[in-house]
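Q: Provided herewith is a single structure, encoded as structure tokens, for subsequent inquiry.
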Amino acid sequence: MVGPDPDPVCQHRIGRYRIAIQTRATNLISAWIDGKGRRWTLRTAARYADVWNMPGPGESTAEFEDLCRVLDRHCADAGRDPAEIRRSIQLAVTDDHDELLATVETYARAGVTDFVLILRGADPVAQADRSAELLPRLRSVA
Numbered sequence: 084m085v086g087p088d089p090d091p092v093c094q095h096r097i098g099r100y101r102i103a104i105q106t107r108a109t110n111l112i113s114a115w116i117d118g119k120g121r122r123w124t125l126r127t128a129a130r131y132a133d134v135w136n137m138p139g140p141g142e143s144t145a146e147f148e149d150l151c152r153v154l155d156r157h158c159a160d161a162g163r164d165p166a167e168i169r170r171s172i173q174l175a176v177t178d179d180h181d182e183l184l185a186t187v188e189t190y191a192r193a194g195v196t197d198f199v200l201i202l203r204g205a206d207p208v209a210q211a212d213r214s215a216e217l218l219p220r221l222r223s224v225a
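Take 84 as the starting number for the sequence shown in our numbering and just add one per residue.
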């Protein structure tokens, strides 16, 4: 809950997890579900997620495309249109911006709609500054 005068909270259960939702939200928030679990995670994403995030790029787009097919089947079982769920992937930002752009382009063609960029290294602030010039190019690709 955020703010000086929080509203009452509504309690819900999703599977084995208990979540709390502020009952008088001023903005809609997206439900993100992260993971590669074919049975439980993707089924939960099919029912509740606004965005499904695949952690890490994997070996190739083949794993992502396969997991998307599993998610789509779970959506069909839940009576939900798979197009309602945005597809996201996490990518580590490196100093090789051309390689990162190529990876983003490849995954965008495979159906990724959102990219989560991870800054790693001894100085993430400097890496963020260097990466800022890359953002317009990333937007044009994705």
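Note that CB positions come from ideal geometry on N, CA and C, so glycine has one too. In this text, all values refer to a predicted model and were calculated from it rather than measured experimentally.
1. For residue 192, which of 168, 205, 112, 224 has the nearest alpha-carbon?
2. Using a Cβ distance threshold of 8 Å, determine whether the segment 181-191 contacts the segment 156-167, with at least three qualifying pairs required.
3. Quick check: does the Cβ of residue 153 come within less than 7 Å of any heavy atom belonging to the ligand ADP?
4. Only counting runs of 4 or more residues, tell me where the alpha helix (DSSP H) segments fall wholly within the segment 127-181, in order along the chain.
5. Could you pull out every residue in the same chain whose Cβ sits closer than 7 Å to the Cβ of residue 176, ignoring the five residues on either side in sequence?
6. Going by CA-CA distance only, name the one from 120, 157, 121 that's closest to residue 129.
7. Would you kindly check if the distance between the Cβ of residue 180 and the Cβ of residue 217 is under 8 Å?
8. Can you check DSSP and say which residues form a bridge with residue 199?
9. Give the single residue among 143, 168, 112, 140 whose Cα lies nearest to the Cα of residue 126.
10. Taking only three categories from DSSP, how would you classify residue 212?
11. Check the DSSP bridge columns for residue 117 and list the partner residues they point to.
A: In terms of the structure at hand:
1. 224
2. no
3. Only the bare structure without any ligand can be found here, which leaves the ligand ADP out of the picture.
4. 144-161
5. 183, 200, 201, 202, 210, 214
6. 157
7. yes
8. 173
9. 168
10. helix
11. 136
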